[in-house]
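Chemist: Heads up, the final residue of the sequence shown is numbered 73 in this note's numbering, and it's a clean run with no missing numbers. Every residue, glycine too, gets a C-beta built ideally from N, C-alpha and C. A quick note: this is a predicted structure, and the numbers were derived from the prediction, not measured.
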Amino acid sequence: MLPNSVVLPVTINEYRRAREVMLKYSVSPSDALHVAVMLNNSIRRILSEDRDFDKVKEVERVWLS
């Protein structure tokens with residue numbers, strides 16, 4: 009695990025929200041679950057190479073260049 013990182017729980021609330029995200033943005037189940045956990049924990053940025061996160065208006069994908 010990375011220093012200063014936290015593992016967040018995944019509950020039924022995240023699965024329900026992930027379903028909403030999948031239907032709204034047509035992203036994969038795993039991407040939707042990441043977004044759901046983020047939104048339920050007031051996290052708005054994700055470090056990822058996955059451009060599908062760009063579809064989700066509520067989050068900002070950060071790319072290291």
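I need the straight-line Cα distance from Ser-38 to Tyr-23, nearest angstrom please.
Modeler: As a first step, residue 38 must be located in the sequence shown, where it is residue number 30. As a first step, residue 23 must be located in the sequence shown, where it is residue number 15. Approximately 10 Å, taken between the alpha carbons.
Chemist: DSSP puts Val-70 in a beta bridge; with which residues?
Modeler: Along the sequence shown, read from residue 1 onward, the residue named residue 70 stands at position 62. Leu-55.
Chemist: Just the Cα atoms here: how many angstroms apart are Leu-10 and Glu-28?
Modeler: For the purposes of this step, residue 10 is taken as residue 2 along the sequence shown, with counting starting at 1. For the purposes of this step, residue 28 is taken as residue 20 along the sequence shown, with counting starting at 1. So the alpha carbons of these two residues sit roughly 30 Å apart.
Chemist: Measuring CB to CB, does Val-67 end up less than 8 Å from Val-35?
Modeler: The residue you call residue 67 lines up with position 59 of the sequence shown. The residue you call residue 35 lines up with position 27 of the sequence shown. No.
Chemist: In chain order, what are the residue ranges of uninterrupted alpha helix (DSSP H) at least 4 long that sit wholly in the region 18–58?
Modeler: As far as the region 18–58 is concerned, its whole alpha helix (DSSP H) runs of at least 4 residues are 20–33, 37–48.
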